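Visitor:
Protein chains: 2
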Amino acid sequence: MKIGKDVEPVLWFVLYTLLRLAGGTGAVKVSTTQLGEVMGVSQQSTSRHLQHLERLGLIKREFVSDGTYIHISRKGMDNLKTVYEQLRKSLVGPASTTLILEGVVFTGFGEGAYYVNQEGYRSQLREFLGFEPFPGTLNVRLRTKVDMDRREELERTPGLEFKGFKTEDRSFGGGRGYPVVVNDEVEAVLVIADRTRYDRSTVEIVAPVNLRKRLSLKDGDVIRISYSSSLERDD
Amino acid sequence: MKIGKDVEPVLWFVLYTLLRLAGGTGAVKVSTTQLGEVMGVSQQSTSRHLQHLERLGLIKREFVSDGTYIHISRKGMDNLKTVYEQLRKSLVGPASTTLILEGVVFTGFGEGAYYVNQEGYRSQLREFLGFEPFPGTLNVRLRTKVDMDRREELERTPGLEFKGFKTEDRSFGGGRGYPVVVNDEVEAVLVIADRTRYDRSTVEIVAPVNLRKRLSLKDGDVIRISYSSSLERDD
DNA sequence: ATTACTATAGCTCGAGTAG
DNA sequence: TCTACTCGAGCTATAGTAA
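Each protein sequence line maps, in turn, to chains A and B.
Note that the first sequence covers residues 7 to 241 in our numbering.
Note that the second sequence covers residues 7 to 241 in our numbering.
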């Protein structure tokens with residue numbers, strides 16, 4: 007019996023309570039006694055629950071002299087967002103939220119190609135796209151605050167999770183992908199690496215084809231990236 | 007340990023799963039075996055959970071020869087909506103959804119006054135308004151599809167619950183109230199009785215004052231009813 | 001096919017307590 | 001204060017089975 011993925015109902019409730027206490031930031035300072043009181047559970051059980059949540063990677067704790075800071079991790083947030091999305095779908099209907107981002111194409115340092123060519127990412131992209139990804143990414147710079155806000159809105163949805171992996175040489179971090187349509191023509195995935203997620207002004211796009219050729223794009227061209235929540239995978 | 011109100015985490019999960027299977031309508035035909043499979047739980051436990059949910063009044067069951075229809079009750083829906091609202095608040099920010107309804111004032115059959123004067127409702131209205139309710143209601147007819155759709159949107163939020171009650175003579179049903187502001191001036195409660203909720207074109211307003219006098223209203227006047235989700239009680 | 005009872009294995013809870 | 005251990009009471013799950 008698992009809510010979302012991995013999470014037992016009781017633990018999910020603890021996570022949900024933490025979210026309510028933490029608000030948007032996902033961090034609170036709260037003791038096991040306090041938290042237990044809010045939930046109507048003993049300090050002891052609360053302590054155990056928090057250990058479990060931490061072991062599952064849903065929260066991180068930071069112990070200070072007079073208490074503990076609890077951060078809900080990415081994975082924890084994803085879980086909550088997934089449940090939120092499910093509830094939204096059923097309660098307010100298939101709100102076909104369409105988000106549109108506009109940005110300018112630019113040439114990066116070829117890092118995108120390097121990452122896409124890692125088999126660890128390739129295989130996941132293959133699954134999301136349904137095709138072999140073109141071995142390069144399209145770099146897009148967002149120019150306006152509106153676009154950056156929309157990007158944040160996009161990030162509030164769970165999207166598709168890329169898992170990190172290790173090769174002999176080095177380790178690669180995780181990230182998320184969002185199924186999008188570029189210039190109302192080409193299906194692609196907007197990729198946001200966990201590492202780079204605080205650079206709010208750029209995004210990268212991966213597609214089954216060479217987007218520059220397919221859409222005759224050159225540096226400085228403006229493209230339109232559409233995301234529909236209904237394109238999300240079902241679970 | 008209760009999610010929303012009354013509901014243990016495990017039972018909440020069952021309710022949540024039912025919602026996902028049922029979609030917006032809140033009704034599914036599903037066997038304990040099937041439901042158990044979806045949740046990763048035995049048929050026996052599922053059966054017990056459904057009995058508990060029914061005893062709590064969160065679902066209703068209808069047994070037919072080849073299975074069972076499960077309806078999520080109003081109370082069950084309210085619980086799910088409450089959790090949804092909580093998640094929304096934390097995940098997408100205090101979306102100060104402001105709904106505006108417009109409608110035409112008309113004179114009813116005095117039923118409103120009859121109900122408001124029942125102490126069983128008066129005491130609850132007193133609590134919601136913070137004042138003694140004026141002994142009469144303002145009847146409003148919604149004219150456009152947009153207004154009726156907004157009314158439905160309003161009904162998707164949990165609002166305030168009016169409990170039904172019994173007197174020596176008869177019994178009175180429950181309903182919901184939504185805190186609103188009339189003509190941007192007067193705080194009031196929009197009341198929707200469970201019994202009348204399928205008459206989509208009319209609503210009734212209760213306020214601490216005589217709205218007709220206070221706003222110099224006569225039959226046929228158009229009023230503006232604003233609802234802000236942030237006015238909702240916190241729990 | 002259904003739903004749901006009984007019996008028991010196993011898990012979770014909180015009191016007591018330690019660090 | 002804080003977190004978290006141990007351990008027994010009680011609750012919950014499933015197998016077996018009935019209707």
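We put the beta carbon where it would ideally sit given N, CA and C, even for glycine.
Source: prediction; values computed, not measured.
Taking the alpha carbon of B:Asn145 as the point to measure from, which residue in B:Gln40, B:Ser234, B:Arg218 and B:Asp155 has its own alpha carbon closest?
Guide: B:Arg218
Visitor: Under a CB-based cut-off of 8 Å, is A:Tyr120 close to chain B?
Guide: no
Visitor: So, at 8 Å on beta carbons, what are the nonlocal neighbours of B:Glu193 in its own chain, with the 5 sequence-adjacent residues on each side left out?
Guide: Leu135, Pro185, Val186, Val187, Ala213 and Pro214
Visitor: Would you call the region 87 to 99 of chain B and the region 78 to 91 of chain A in contact, with 3 or more CB pairs under 8 Å?
Guide: A contact exists between the region 87 to 99 of chain B and the region 78 to 91 of chain A.
Visitor: At 4 residues or longer, and completely inside the region 23 to 47 of chain A: list those alpha helix (DSSP H) runs for me, N to C.
Guide: 38 to 45
Visitor: If B:Leu25 sits next to B:Val36, beta carbons under 8 Å apart, how far is it from one beta carbon to the other, in whole angstroms?
Guide: Going by Cβ atoms, the distance from B:Leu25 to B:Val36 rounds to 12 Å, so no, they are not a contact pair.
Visitor: Can you name, in chain order, every residue of its own chain whose Cβ lies under 8 Å from the Cβ of A:Arg230, other than the five neighbours on each side?
Guide: Ile106, Leu107, Glu108, Val188, Asn189 and Asp190
Visitor: A:Arg54 lies in the alpha helix (DSSP H); which residues open and close that run?
Guide: Gln49 to Arg61
Visitor: Does A:Gln130 pass the burial test, meaning 16 or more other C-beta atoms within 10 Å, or should it be called exposed?
Guide: buried
Visitor: Where does A:Ser234 sit, in a helix, a strand or coil, going by DSSP?
Guide: strand
Visitor: Keeping to the same chain, check which residues put their C-beta closer than 7 Å to that of B:Gly179; ignore five residues upstream and five downstream.
Guide: Gly170, Ala199, Asp200 and Arg201
Visitor: Buried or exposed for B:Tyr127, going by 16 or more other Cβ atoms inside 10 Å?
Guide: buried
Visitor: With H, G and I counted as helix, E and B as strand and the rest as coil, what does DSSP make of B:Asn85?
Guide: helix
Visitor: Using a beta-carbon distance below 8 Å, is A:Gln49 in contact with chain B?
Guide: no
Visitor: In angstroms, rounded to a whole number, what distance separates the CA positions of B:Phe168 and A:Asp72?
Guide: 43 Å
Visitor: So who's on the other strand from B:Ser177, going by DSSP bridges?
Guide: B:Lys172
Visitor: Which residues does DSSP list as the beta-bridge partners of B:Arg163?
Guide: The question names Arg, but residue 163 of chain B is Thr in the sequence shown. DSSP lists no beta-bridge partner residue for B:Thr163.
Visitor: Considering only C-alpha positions, which residue in the set A:Glu125, A:Lys8, A:Val16 and A:Lys11 is nearest to B:Ile9?
Guide: A:Val16
Visitor: Pull up the distance between the alpha-carbon of B:Thr143 and that of B:Glu158, whole angstroms please.
Guide: 21 Å
Visitor: Note down, in chain order, each residue of its chain lying with its Cβ closer than 7 Å to the Cβ of B:Arg220, except the 5 sequence neighbours on either side.
Guide: Val192
Visitor: From the beta carbon of B:Met154, is the nearest beta carbon of chain A less than 8 Å away?
Guide: no
Visitor: For B:Val16, which residues in chain A fall below 9 Å Cβ to Cβ?
Guide: Neighbours of B:Val16 across chain A, judged by C-beta separation under 9 Å: Met7, Glu14, Pro15 and Val16.
Visitor: For A:Val212, name the three-state secondary structure that DSSP assigns.
Guide: In this structure, A:Val212 counts as strand in the three-state DSSP scheme.
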